[in-house]
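Asker: In terms of our numbering, the sequence shown is residues 2 to 111. Every residue gets a Cβ at the ideal spot worked out from N, C-alpha and C, and that includes glycine. Take a look at this one; I'll ask things after.
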Amino acid sequence: MRMMVFMLVVPIVWIALHVYIDRRLLPKGTSSAQLRRLLRWGVVLCAVLPVLTMVGGRALGLDGDEFRRLQLIGFTLLGFSSIVVALLLFVDLARVIAAGWRRVQLRLRA
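What follows is the structure, given as structure tokens:
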């Protein structure tokens with residue numbers, strides 16, 4: 002039962018983090034529609050391939066050279082996406098702290 006919950010919750014959280022990446026890095030109107038579509042597909046691949054790798058290896062019992070290639074790509078994208086998520090969260094946290102500090106300074110001056 003634990004494994005079933007894990008295999009359900011982790012992909013949902015992982016995909017939700019990629020929705021955050023998509024909304025944060027690809028705001029509307031900043032580039033051409035074609036470039037934005039290409040970047041969005043990159044985010045989708047970074048979200049889906051690690052999940053397919055995890056599900057394919059554990060639940061479906063896949064094996065072989067093709068699956069090893071999928072593992073290499075999927076887990077590489079997992080690492081890349083993890084770094085991007087961590088950096089974005091760090092930058093957003095720093096922005097929130099800076100905005101709060103500015104508000105505190107304005108209230109102290111008044």
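Can you give the beta carbon distance from L50 to L40, rounded, assuming they're within the 8 Å contact cut?
Answerer: On the sequence shown, residue 50 is found 49 positions in, with the first residue counted as 1. On the sequence shown, residue 40 is found 39 positions in, with the first residue counted as 1. Contact flag wrong, Cβ pair sits at about 16 Å.
Asker: Should A17 go down as buried or exposed, given a rule of 16 or more other Cβ atoms within 10 Å for buried?
Answerer: Along the sequence shown, one-based indexing puts residue 17 at 16. It counts as exposed.
Asker: Under 8 Å: do the region 56-70 and the region 6-13 share three or more Cβ pairs, one atom per stretch?
Answerer: Yes, since at least three Cβ pairs between the region 56-70 and the region 6-13 fall closer than 8 Å, the two stretches touch.
Asker: Identify every run of the alpha helix (DSSP H) within the region 53-104, keeping only runs that are complete inside it and at least 4 residues long; order them along the chain.
Answerer: Runs of the alpha helix (DSSP H) inside the region 53-104: none found.
Asker: Taking C-beta to C-beta, are V85 and C47 nearer than 9 Å?
Answerer: Within the sequence shown, residue 85 is the residue found at index 84, counting from 1. Within the sequence shown, residue 47 is the residue found at index 46, counting from 1. Going by C-beta atoms, V85 is nearer than 9 Å to C47.
Asker: Quick check on the burial criterion: 16 or more other C-beta atoms within 10 angstroms. Buried or exposed for S33?
Answerer: As a working mapping, residue 33 is identified with position 32 in the sequence shown. With fewer than 16 Cβ atoms within 10 Å of its Cβ, S33 is classed as exposed.
Asker: On the criterion of 16 or more Cβ atoms from any shown chain inside 10 Å, does A62 qualify as buried, or is it exposed?
Answerer: Taking the sequence shown and counting its residues from 1, the one referred to as residue 62 is at position 61. The sequence given here has Gly at residue 62, not Ala. Looking at its Cβ environment, which holds fewer than 16 other Cβ atoms inside 10 Å, G62 is exposed.
Asker: Where does A111 sit, in a helix, a strand or coil, going by DSSP?
Answerer: By 1-based counting over the sequence shown, the position of residue 111 is 110. A111: coil per DSSP, three-state reduction.
Asker: With P12 as the anchor, note down where its alpha helix (DSSP H) starts and where it stops.
Answerer: Taking the first residue of the sequence shown as position 1, residue 12 is located at position 11. Here the alpha helix (DSSP H) through P12 covers 3-26.
Asker: Would you call the CB atoms of I22 and L71 closer than 9 Å?
Answerer: Taking the first residue of the sequence shown as 1, we reach residue 22 at position 21. Taking the first residue of the sequence shown as 1, we reach residue 71 at position 70. Against a cut-off of 9 Å, the Cβ pair of L71 and I22 comes out as no contact.
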